[in-house]
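See below for the structure under consideration.
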Amino acid sequence: MPSFGDVVLGRARPADPDLDAIFGLVPAAAALEAMTGFVPSGLGSVCFRTVDGGVFDAFAQVQRELRRLVATEPGATAEYSTDAYGCGWVLTRHPQGALERVVNDLHAVNATFDEGGFGPYLLCSLTGFARPDGRRLALVYTHVSGTFYPFAPAAGGGRDDALEDQATEAVGADLPFERDRARWFPLWDAPAI
0 MPSFGDVVLG RARPADPDLD AIFGLVPAAA ALEAMTGFVP SGLGSVCFRT VDGGVFDAFA
60 QVQRELRRLV ATEPGATAEY STDAYGCGWV LTRHPQGALE RVVNDLHAVN ATFDEGGFGP
120 YLLCSLTGFA RPDGRRLALV YTHVSGTFYP FAPAAGGGRD DALEDQATEA VGADLPFERD
180 RARWFPLWDA PAI
């Protein structure tokens, strides 16, 4: 339901993302591996806008809750960082191939932010994939649109458009995919890639 201020000022509230869409990564990973040779790297991360001001204490409480949630899994770690743009990142680590555990962590992080009232601060979640030749690929879930897109950094810099197309073909039927390539934002130094 829109707030009174939103109604008066004519602002539209963004749609709530479908946090459960992240679970679609598990079946999609099998298709991705069969078509491209990429396997889950065991890394996943969530990007969010950081909070200043009066709500900072509540935001800090959400971060403490996240640490507690991830720390309950044996062998799992959670790391926090801030990028050059001031965005916060939560990185979860699991053994390579442990995609279900990564996806569960990503969902828990997203749900904790959402339940704490910080859902609108969520920007994206990404899951890392790797190939034996050292190549990296991420499947990125954007919270604003509720869609996925691939991001494949090329070895010499830039993006590997051919690999991104191949990944889209492999998993596009299993996941809600962003059709507008202009919205496939590069995440150059993102944790989990």
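Position one of the sequence shown corresponds to residue 0 (numbering that gives the first Met the number 0), numbered consecutively onward. From the three backbone atoms N, C-alpha and C, an ideal C-beta is built for every residue, glycine too.
Tell me the rounded alpha-carbon separation between P175 and Q60.
32 Å
Would you decide whether Q62 is buried or exposed? Buried here means 16 or more other CB atoms lie within 10 Å of its CB.
buried
Can you find the residues in the same chain that come closer than 6 Å, C-beta to C-beta, to A27, ignoring five residues on each side of it along the sequence?
V170, D173 and L174
Residues in its own chain within less than 8 Å of P194 by CB, not counting five upstream and five downstream?
Lying outside 0 to 192, the shown extent of the chain, residue 194 is not represented and no answer is given.
For E177, which option in L162, Y140 and P190 has the closest C-alpha, if you only look at C-alpha atoms?
Y140
8 Å Cβ cutoff, A166 in contact with chain D
Given the protein chain composition of this structure (a single chain), no chain D is represented.
Are the Cβ atoms of A110 and L125 separated by less than 8 Å?
no
If I'm right that A20 touches G145 with Cβ under 8 Å, what's the distance once you round it to whole angstroms?
6 Å
Following a CB-centred definition, is G36 positioned closer than 7 Å to any heavy atom of the ligand HEM?
What this structure holds is no ligand at all, so the ligand HEM is not there to describe.
Using C-beta distances below 7 Å, list every residue in its chain close to R48, excluding the 5 sequence neighbours before and after it, in chain order.
C86, Y120 and L122
Drop a sphere of 10 angstroms on the beta-carbon of S80, count the other beta-carbons inside from all chains shown, and report buried for 16 or more, exposed for fewer.
exposed
Under 7 Å Cβ to Cβ from D179, same chain only, skipping five residues before and after it: list those, please.
none
Alpha carbon to alpha carbon, how far is A154 from A161?
13 Å
Smallest Cα separation from G127: which of V101, T76 and E114?
V101
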